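A.B. asks: Under full-length UniProt numbering, the first residue of the sequence shown is numbered 1, with each subsequent residue one higher.
For every residue, glycine included, the Cβ atom is placed at its ideal position computed from N, Cα and C.
Please read these numbers as outputs of a predicted model, since none were measured by experiment.
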Amino acid sequence: MDNQIKNYDLYWMEQAIELAKNSIFITKPNPSVGCIIVNNLGICIGKGSTQQVGGLHAEVLAINDAIQNKYSIEGSTIFVTLEPCCHYGRTPPCIDQIIKHKPKRIVIALLDPNPKINGKSIELLKQSGIHVELGLCFREALELNLGFVSRMVRNKPWIWSKIAISMDGFCSLNNGTSKWITGIEARQDSHYWRAKSSAIMTGIGTIIKDDPLLNVRINKNVKQPIKIILDSNLSISEKARVFDGNLVIIFTAKYNKEKIKQLSDLNASILYMPNIYGNGIDFSEMFSWLNKNQINDIHVESGPKLNSFLLSNQMLDEIILYIAPKFFGKGINLFQYFKSNSLNNEYFNFIENVQIGSDIRLRMRSKKSYDNVFKYFN
1 MDNQIKNYDL YWMEQAIELA KNSIFITKPN PSVGCIIVNN LGICIGKGST QQVGGLHAEV
61 LAINDAIQNK YSIEGSTIFV TLEPCCHYGR TPPCIDQIIK HKPKRIVIAL LDPNPKINGK
121 SIELLKQSGI HVELGLCFRE ALELNLGFVS RMVRNKPWIW SKIAISMDGF CSLNNGTSKW
181 ITGIEARQDS HYWRAKSSAI MTGIGTIIKD DPLLNVRINK NVKQPIKIIL DSNLSISEKA
241 RVFDGNLVII FTAKYNKEKI KQLSDLNASI LYMPNIYGNG IDFSEMFSWL NKNQINDIHV
301 ESGPKLNSFL LSNQMLDEII LYIAPKFFGK GINLFQYFKS NSLNNEYFNF IENVQIGSDI
361 RLRMRSKKSY DNVFKYFN
């Protein structure tokens, strides 16, 4: 009987996880949440996934769905991927609606690390006589909202770098040519990672060399990420294509009142954050500012200098590496400025290996970064 219940619960929680995936492109800075309500006959009577900021949360949508279908929620089981909220934010607390409709049981995948919630909803549910179970599909739920959780428990966004290289490890030919290393399928796949992020970051070198748009072009139902440019000398041209579309944030170490005024007129915010030496940007202050401004995850697309700096300072939480079946012989190494004095440099673990068209996508994750997030829940 116990195994039957476990399998039953697992099935419905996996369905809730899939629902949450449907909204990962639109909920930021909020987490993506899925919710399913099942009655005592084992019938799904309501379901929902969190909508855009200010919209209804998954639990309320699932409750409304059940009511619209003329089902009673009393005595049912609710499966939800994240602990329901219990505070007034942009929307009223979900917990009030749940308690009002008297489910018998609620199965929650992940404790909400937001200090405004963080177990408080679970206590309220228990006090109302609702049986609570926590932790089913914990890892899957954590994976869905790793950036949100990172922001809450590490006070730092989750940062990954997207890289495309040849079989012999080069990101471009010696003359700088890099379009295109990978095939169209891999390039389309990379837009998924852009869409999943809160912000896309690059350096001024990439802006000058490639003049990128830094937007998402795979799905209209996407909240476009903020664009972040690191430009120590504030040398970016007002004609750069990056100013087309969504908000641009430029971090700089040079204060130029006239240039700041020109760029501000282009829907750009310029933040003056010099390091103590006055020769570059203060990354610690920058990431702190981004965290306070609800940036969950950052997608880096840049060249050797920025990538080498981030890797050398252990600021990368993941690397998404596309490898094309091509050989360059000679070329530019993306991490050419990174130096290691030991072969025991086990900073990353491989977590995924998948073929995308004719290319391979590898995902590597920092053991330290993931452990620092994971241990919060133990």
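Measuring only the C-alpha atoms, how far is residue 114 from residue 37?
C.D. replies: When rounded, the distance between both Cα atoms is 24 angstroms.
A.B. asks: Could you pull the start and end residues of the beta strand (DSSP E) that residue 203 belongs to?
C.D. replies: 199 to 203 is the span of the beta strand (DSSP E), which, as asked, contains residue 203.
A.B. asks: Do residue 183 and residue 324 have their CB atoms nearer than 9 angstroms?
C.D. replies: Yes, they are a contact pair.
A.B. asks: Looking at residue 289 and residue 273, is the spacing between their C-beta atoms short of 9 angstroms?
C.D. replies: Cβ atoms of residue 273 and residue 289: closer than 9 angstroms.
A.B. asks: Taking only the alpha-carbon atoms, compute the straight-line gap between residue 69 and residue 15 and give it to the nearest angstrom.
C.D. replies: Near 19 angstroms, if we compare the C-alpha coordinates of residue 15 and residue 69.
A.B. asks: Pick helix, strand or coil for residue 271, following the three-state DSSP scheme.
C.D. replies: Strand.
A.B. asks: Leaving out five residues on either side along the sequence, give the residues of the same chain with a beta carbon under 7 angstroms from the beta carbon of residue 13.
C.D. replies: If we look at residue 13 and ignore the five residues flanking it on each side, its Cβ neighbours are 79, 107, 109, 136 and 137.
A.B. asks: Tell me, which residues are paired with residue 364 by DSSP?
C.D. replies: According to DSSP, residue 364 bridges with 319 and 350.
A.B. asks: Considering only the alpha carbon of each residue, which of 242, 209 and 28 lies closest to residue 175?
C.D. replies: Closest option to residue 175, Cα to Cα, is 209.
A.B. asks: If you draw a straight line from the C-alpha of residue 1 to the C-alpha of residue 9, how long is it?
C.D. replies: In this prediction, residue 1 has a pLDDT of 44, which is less than 50 and means its spatial position is unreliable; nothing more can be read from the coordinates.
A.B. asks: Please go through the region 167 to 215 and give each complete beta strand (DSSP E) segment of 3 or more residues, from N-terminal end onward.
C.D. replies: Counting only runs of 3 or more, we get 199 to 203.
A.B. asks: By Cβ distance, which residues of its chain are closer than 6 angstroms to residue 27, with the 5 residues on each side in sequence left out?
C.D. replies: Here the set comprises 50.
A.B. asks: Under a three-way DSSP split, which group does residue 105 fall into?
C.D. replies: DSSP places residue 105 in strand when its eight states are reduced to three.
A.B. asks: Cutting at 6 angstroms between CB atoms, please list the residues of its own chain near residue 82, excluding the five before and the five after it.
C.D. replies: Around residue 82: 31, 33, 110 and 112.
A.B. asks: Using C-beta distances below 7 angstroms, list every residue in its chain close to residue 188, excluding the 5 sequence neighbours before and after it, in chain order.
C.D. replies: If we look at residue 188 and ignore the five residues flanking it on each side, its Cβ neighbours are 218.
A.B. asks: Which runs of the beta strand (DSSP E) fall wholly inside the region 130 to 163 and span at least 3 residues, in chain order?
C.D. replies: DSSP runs (the beta strand (DSSP E)) wholly in the region 130 to 163: 131 to 134.
A.B. asks: Under DSSP, the alpha helix (DSSP H) around residue 78 begins and ends at which residues?
C.D. replies: Per DSSP, residue 78 belongs to no alpha helix (DSSP H); it is in the beta strand (DSSP E), 77 to 80.
A.B. asks: Taking 8 angstroms as the limit between beta carbons, can you name the residues of its chain near residue 67, skipping five residues before and five after?
C.D. replies: Within the same chain, residue 67 has close Cβ partners 46 and 73.
A.B. asks: By DSSP, does residue 308 sit in helix, in strand, or in coil?
C.D. replies: Looking at residue 308 - three-state DSSP - the assignment turns out to be helix.
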